[in-house]
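Here is the structure we will look at.
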Amino acid sequence: MSTTLKRVHGYLAEFDSVKDLYHAAEHVRDAGYQRWDVHSPFPIHGMDTAMGNPRSKLPYFVFCGGITGTTVAFTLETITQTNFWQSIGLGFLQKIVETYPTVVQAKPTDIWTLPAFFPVMFELTILFSAFTTLFGLLALIGLPRWNHPLFVSKNFSKFSDDGFFVCIEARDPKFSQEGTKSLLEKLGGKNIELVEDEI
Amino acid sequence: MSHHVTFNDLPQGGEKFETAKGAKLINSLGFIGGVGLLASIYYFYAETSTFAYSWLFAVFFCFTFVVGGCFWILLHSVSNSGWGVSVRRIWENLANMIIPMAIFASPLLFPSVQTHLYEWMNHHREAAHHAAEHGSTVKEALHHMSEANPHLHVLVSKFGYMNLNPAGFSWYTRFFAYFLVLWFIASTLRGRSLKQEQDGDIKHTIRSRQFSSIVLLPFALTVTFAAYDWLVGLDYNWFSTMWGVYIFAGCAWASMAVSILVITWLRSLGYLQKVVTDEHYHLMGKLLFAFTVFWAYIAFSQYFLIWYANVTEETRFYLTRNTEGWRAVSIFILIGHFVAPFVFLLSQPRKKNPVVMSLGCIWIIFMHLVDMYWNVIPERGPSLGQGVWVPGAWMQDIAALCAVFGIMSFLYLRGLAKYSLYPWRDPRLIESVNVVN
């Protein structure tokens, strides 16, 4: 007799089409569930609304990342190439420039040589934005991870081919073994299974 | 998500705009245009030299919207996009304003106007005079003149492009070609769109796509060369390879803002309620955002190259605009044309809000106006030898602007009533109406 301890991950239900999945999502949303997700082989337009997802917080991260990039580039360039910091009373930051100002093409060494710095400011803004987009996204969706409890289900492997799934997780406060199952049945879910993960 | 709209929800025959409903705005624009035109006629005779610049500024300002409208229908067809079907007629009508535009631009053909605007033409006419006397060619005469005045050497080098030979590849031929090409594109695409309203056949969409792919290049050349001939020609020594793209970026930007404003106005009068949704505002707002960045990218690249290279012939353009009062205008353009719209258009909820977007679009059109003013008018004082600012000439600028912009928008808004406000039998209308992005 096996003595493996198992934890209930949630109910997984399969749907026939995008349409069914979409309507199921609307009903699960209206039933007040919080911890659940849909899985489909391709993105479905309007699914965010159907699921009642709030707007992503990612843009705020990216904005801050971009601003940081601009600031870093501006600071780096003005400290090493101009006497700007000295002119606002922070000359200790750039003693070397004071001694050896970089004169390029007879351009001024004060803040008005700013146009020369724009390409770097632009590139670093893009770079930092791209980094925050990628790493912010990974952080928000909880990747990378070793495994996911849903992979226990054999049927679930269809999600990357032609399967449309709804999974309501057990950690949802409204989850109940009977109520959740009957909701999914009522919505036309097929192959409903209780996914249990080995601890 | 709201109810999925089907063909049954939309009226048969599309929506026809009744000018009486929008009479308040249309008549005020017509009134402004009429007053402006009277003032313009007075200034044209009283102050021809300074007023020539005002007129060029006003004409080019309105020309950019027409070109932009043409660009958006072209892009819409070429990229085979479905989302824009419900707003396409707005652009089609905008692009077809090219005929009144040609009438407003025609004063530029008069030598008495050209003589104040385009110094190179004066040299060419003098050379033609000498050539007739000595039986040589114009180019030879020009070359001969440049021995006394070395500044004219550049005109000899540029002779292949900058010349007045009415039969060849000259300023005059190109002037007519620009309007012909734009008229051909605009009327063909709207013609196809209207034919589709007869039979609802998808083949018109496909034909438009094929047609657009072919004329995209002539269109690009038209915008570029028109910008060179009319604006760069103000200073024959100056050149910038980015100029055409710079003007084009402004065209696309400002005309998108105009179409958003027109759509909001029509919706406030009760039209396009089902056809245009906040998703369309979002999509158009995104394009507006893209062109805000694109314009800044091009404007900066042009400035950057000229500033770094420090070549005398090139820097003159920015020297004029970075000294005296123009410096403040330059910095204002940097902030108002790029920084403010950039930050404003970042947020999705703002782009989806028609009221907020329309206020933003008014600002954008204003900034485009400032940009065009900044491009044309600084040449006036130095070219006419009247200092940096010609005193009192701003009144002429306003008169010209009222005349051209007022009458053009009066005609445009009245013209909306001619056809349905959206292509109601386009097979992809439903796709566009229910667009989600």
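Quick note, the sequences are listed as chains A and B, same order.
Per the working numbering, the very first residue in the first sequence carries number 92; after that it's consecutive.
Per the working numbering, the very first residue in the second sequence carries number 980; after that it's consecutive.
Using N, Cα and C, we set each Cβ at its ideal position, and we do this for glycine too.
Nearest in C-alpha terms to B/Leu1266, of all of B/Gly1249, B/Cys1340, B/Asp1178 and B/His1108, is B/Cys1340. Counting only unbroken stretches of 4 or more residues, the alpha helix (DSSP H) elements lying wholly within the segment 188–258 of chain A are 209–232, in sequence order. A/Asn282 sits in a strand when the DSSP states are folded into three classes. Distances from the alpha-carbon of B/Ala1278 to those of B/Gln1093, B/Leu1313 and B/Arg1171 put B/Leu1313 closest. In the three-state scheme derived from DSSP, where H, G and I count as helix and E and B as strand, B/Gly1015 is classed as helix. Listed along the chain, the chain B residues whose CB falls inside 8 Å of the CB of A/Pro264 amount to none; the nearest CB is some 26 Å away.
Contact between the segment 1242–1261 of chain B and the segment 167–180 of chain A is absent, with fewer than three C-beta pairs closer than 8 Å. Taking 9 Å as the cut-off between beta carbons, the residues of the segment 117–144 of chain A near chain B are Glu117, His136, Gly137, Thr140 and Ala141, in sequence order. By the Cβ rule, the segment 1220–1230 of chain B does not count as touching the segment 1327–1343 of chain B, because fewer than three pairs are nearer than 8 Å. Remark: C-beta atoms of A/Phe208 and A/Thr159 do not approach each other more closely than 7 Å.
Within 9 Å of the CB of B/Phe1283, the CB atoms of chain A belong to Pro206, Ala207, Phe209 and Pro210, in sequence order along the chain.
As a beta-bridge residue in DSSP terms, A/Tyr102 pairs with A/Ile259 and A/Leu285. Within the segment 1215–1271 of chain B, not a single complete beta strand (DSSP E) segment reaches 3 residues in length. B/Ser1065 sits in a helix when the DSSP states are folded into three classes.
Residue pairing for A/Val129: DSSP places it in a beta bridge opposite A/Val257. Bridge pairing for A/Lys97: A/Glu289 [DSSP].
B/Ser1115 sits in coil when the DSSP states are folded into three classes, being neither helix nor strand. When the alpha-carbon of B/Ala1156 is set against those of B/Thr1027, B/Leu1395 and B/Thr1203, the nearest one is in B/Thr1203. Nearest in C-alpha terms to A/Thr140, of all of A/His114, A/Ala104, A/Leu96 and A/Thr161, is A/His114. Counting of Cβ neighbours within 10 angstroms places B/Trp1373 among the exposed residues, the total staying below 16. By the C-beta criterion, the segment 1108–1116 of chain B is judged not to be in contact with the segment 1183–1200 of chain B, since fewer than 3 inter-stretch pairs fall below 8 Å. DSSP, read as helix, strand or coil, puts A/Ser273 in helix. According to the DSSP secondary-structure assignment, B/Ser1399 is paired through a beta bridge with B/Lys995. In chain order, Lys198, Pro206 and Ala207 make up the part of chain A whose C-beta sits under 9 Å from the C-beta of B/Trp1286. Among the residues facing chain A, B/Val1046 is not included, as its CB has no counterpart in that chain under 7 Å away. B/His1132: member of the alpha helix (DSSP H) spanning His1132 to Ser1136, first to last residue. Close partners of B/Asn1289 in chain A (Cβ separation under 7 Å): Gln196. Taking B/Ala1018 as the centre and dropping the five residues before and after it, the same chain places the C-beta of Ala1378 closer than 6 Å to its C-beta, in chain order. Considering only B/Glu1098, B/His1347 and B/Ile1310, the residue with the shortest C-alpha distance to A/Pro206 is B/Ile1310. Closest by C-alpha distance to B/Leu1073, out of B/Phe1050, B/Gln1252 and B/Thr1116, is B/Phe1050. In this structure, DSSP gives A/Pro150 a helical state, which the three-state scheme calls helix.
Close CB contacts of B/Leu989 within its chain, under the 8 Å cut and outside five residues either way in sequence, are with Lys1253, Val1254, Trp1403, Leu1408 and Val1412 (chain order). Put simply, the segment 1347–1366 of chain B touches the segment 1205–1214 of chain B. At least three CB pairs are less than 8 Å apart.
For chain A, none of the residues of the segment 1129–1153 of chain B brings a beta carbon within less than 8 Å of one of its beta carbons. Within chain A, the residues placing a beta-carbon under 9 Å from that of B/Val1415 are His136, Gly137 and Thr140, ordered along the chain.
At least 7 Å separates the beta-carbon of A/Thr94 from that of A/Glu289.
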